[in-house]
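The block underneath contains the structure these notes are about, expressed in structure tokens.
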Amino acid sequence: MIMKTTLTALALIATLGTTAVYADSHAEKTSDSGDAEKSRVISETSIAIYSQNPYIQSIMEKTTHIQAKRLKEIMARGDKVILLDVRPRAEFKTTPGIKGTAMNIPRNFLEVEAYEQLEDKGASIIIVSSKGIRGGLAANTLQAMGYTNVRNLLGGVEGWFKK
């Protein structure tokens, strides 16, 4: 089952034309920090399970994405973009993010807080999450709310920091 699930995850990644991982792992954390292999397997299984979810697949396929390299070019030029980090507040405060991330609206508060904080529905908004899944879901939500220029950062924060 895990092999089939992993192959489905790889098929989704190939279909979307990128090597970025499209999942925010909700894998259980192990108390033993030396158990990295077990954590990696749990994380890969979680990614594979997400990729089998037809709803998430459909969201990711219709979401506009941006690669980290392209976003870095946009930021270097000084183009006006809103970087919206949808990670939970605790994660946003305690883990590295993208320098210049102007705002944090956790995914579970997006519908209410975006309405209050993002007045310009035509503004260029780049959604940032841990690995891209919550970002894709958030981009879909904002588009449903009438925002017209929304993109999801492929690979999320982890993709941003990969060389």
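Numbering follows UniProt numbering, in which position 11 of the sequence shown is assigned residue number 11; successive positions increment by one, without gaps. We put the CB at the ideal spot given by N, CA and C, even for glycine.
- Using a Cβ distance threshold of 8 Å, Ile-66 and Ile-133 do not count as a contacting pair.
- Beta-bridge partners assigned by DSSP to Asn-152: His-65, Ile-127.
- With a cutoff of 8 Å on beta-carbon distance, Leu-137 and Ile-82 are scored as not near each other.
- Taking Met-145 as reference, the option from Glu-116, Gln-52, Lys-69 with the minimal CA-CA separation is Glu-116.
- Burial state of Val-86 is buried, judged by a 10 Å Cβ sphere holding 16 or more other Cβ atoms.
- Within the same chain, and ignoring the five residues on either side of Lys-80 in sequence, the residues whose Cβ sits closer than 7 Å to its Cβ are Ser-124.
- Leu-84 is bridged by DSSP to Met-103, Ile-127.
- For Glu-91, the enclosing alpha helix (DSSP H) begins and ends at 89-94.
- Thr-64 is the residue among Thr-94, Pro-54, Thr-64, Thr-95 whose C-alpha sits nearest the C-alpha of Gln-143.
- Asn-152 counts as buried, since no fewer than 16 other beta carbons sit within 10 angstroms of its beta carbon.
- DSSP places Asn-53 outside both helix and strand once states are collapsed to three, so it counts as coil.
- Apart from the 5 residues on each side of it in sequence, Val-128 sits with its Cβ closer than 8 Å to the Cβ of Leu-83, Leu-84, Asp-85, Val-86, Arg-87, Gly-97, Ile-98, Thr-101, Gly-135, Leu-153, Gly-156, Val-157, Trp-160 in its chain, given in chain order.
- It is roughly 10 Å from the alpha-carbon of Lys-62 to the alpha-carbon of Ala-139.
- A direct Cα-Cα distance of roughly 23 Å separates Arg-89 from Leu-71.
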